[in-house]
Amino acid sequence: MLTAIDHVQLAAPPGSEDALRAYYAGVLGMTEIPKPPVLAARGGCWFQAGSVQLHLGTEEDFRPAKKAHPGLRVTGIEAFAARLESLGAPVTWDDNLPGHRRCYSEDPVGNRLEFLEPMG
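Taking my numbering, the leading residue of the sequence shown gets -11, the next gets one more, and so forth.
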């Protein structure tokens, strides 16, 4: 029986860890969490905010996820999106999900991210 999502993994090109740290920690406000040493040797980095974990693993033949994406629930989405834009991250609003306010952005390697907040 499934009980929860433990984490979502996204791919990134080798050597992009500093840019990923700047975005996921600096822009999104997540905390970098340590990878087990055997996994840390492979590159990449892991981040957490509350119970949400995103793992970024390196991939030699990297291509960013342009359609597939994690959907990340936020509070105060208007202020959150304004923060993204003020820090140089693109924001595209989408009003096609009833009962939610949502927008999309991209991490520094081009992976799509969805941010949403239920209305009411």
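Cβ coordinates follow ideal geometry from the N, Cα and C atoms, glycine included. On a predicted model such as this, the values are computed, not experimentally measured, just so you know.
Starting from the N-terminal side, write out each stretch of the alpha helix (DSSP H) that is 4 residues or longer and does not extend beyond the segment 23 to 62.
-> If we require 4 residues or more, the alpha helix (DSSP H) runs fully inside the segment 23 to 62 come out as 25 to 28.
Of the residues Glu5, Ser93 and Ile(-7), which one's Cα is nearest the Cα of Ala29?
-> By one-based count along the sequence shown, residue 29 stands at place 41. The shortest C-alpha separation from Ala29 is found at Glu5.
Opposing strand residues paired with Ala0 [DSSP bridges] = As a working mapping, residue 0 is identified with position 12 in the sequence shown. Ala0 pairs with Thr46.
Where does Asp95 land, buried or exposed, given buried means 16+ other C-beta within 10 angstroms?
-> By 1-based counting over the sequence shown, the position of residue 95 is 107. Buried: at least 16 other Cβ atoms inside 10 Å.
Integer Cβ distance of Cys33 from Arg71, believed to fall under 8 Å | The count along the sequence shown starts at 1 and reaches residue 33 at position 45. The count along the sequence shown starts at 1 and reaches residue 71 at position 83. The pair is not a contact, with the Cβ atoms about 21 Å apart (cut-off 8 Å).
In chain order, what residues of the same chain lie with their CB nearer than 6 Å to the CB of Tyr11, ignoring the 5 residues before and after it?
-> Within the sequence shown, numbered from 1, the residue matching residue 11 stands at position 23. Contacts found: Asp95 and Pro96.
CA nearest to the CA of Trp81, picked from Arg61, Gly98 and Phe103 = The residue you call residue 81 lines up with position 93 of the sequence shown. Closest by alpha carbon: Phe103.
For Leu112, the three-state DSSP class (helix, strand or coil) | Outside the displayed span of the chain (-11 to 108) sits residue 112, for which this structure offers no information.
What residues match up with Tyr92 in a beta bridge as DSSP calls it?
-> Taking the first residue of the sequence shown as position 1, residue 92 is located at position 104. DSSP lists Thr80 and Glu102 as partners of Tyr92.
Do Ala53 and Leu(-2) have their CB atoms nearer than 8 Å?
-> As a working note, residue 53 is residue 65 in the sequence shown. As a working note, residue -2 is residue 10 in the sequence shown. Judged by beta-carbon spacing, Leu(-2) lies within the 8 Å limit of Ala53, meaning their Cβ atoms are closer than that value.
Sub-8 Å separation of Val(-4) and Leu42 beta-carbons = As a first step, residue -4 must be located in the sequence shown, where it is residue number 8. As a first step, residue 42 must be located in the sequence shown, where it is residue number 54. A contact, by the Cβ cut-off of 8 Å.
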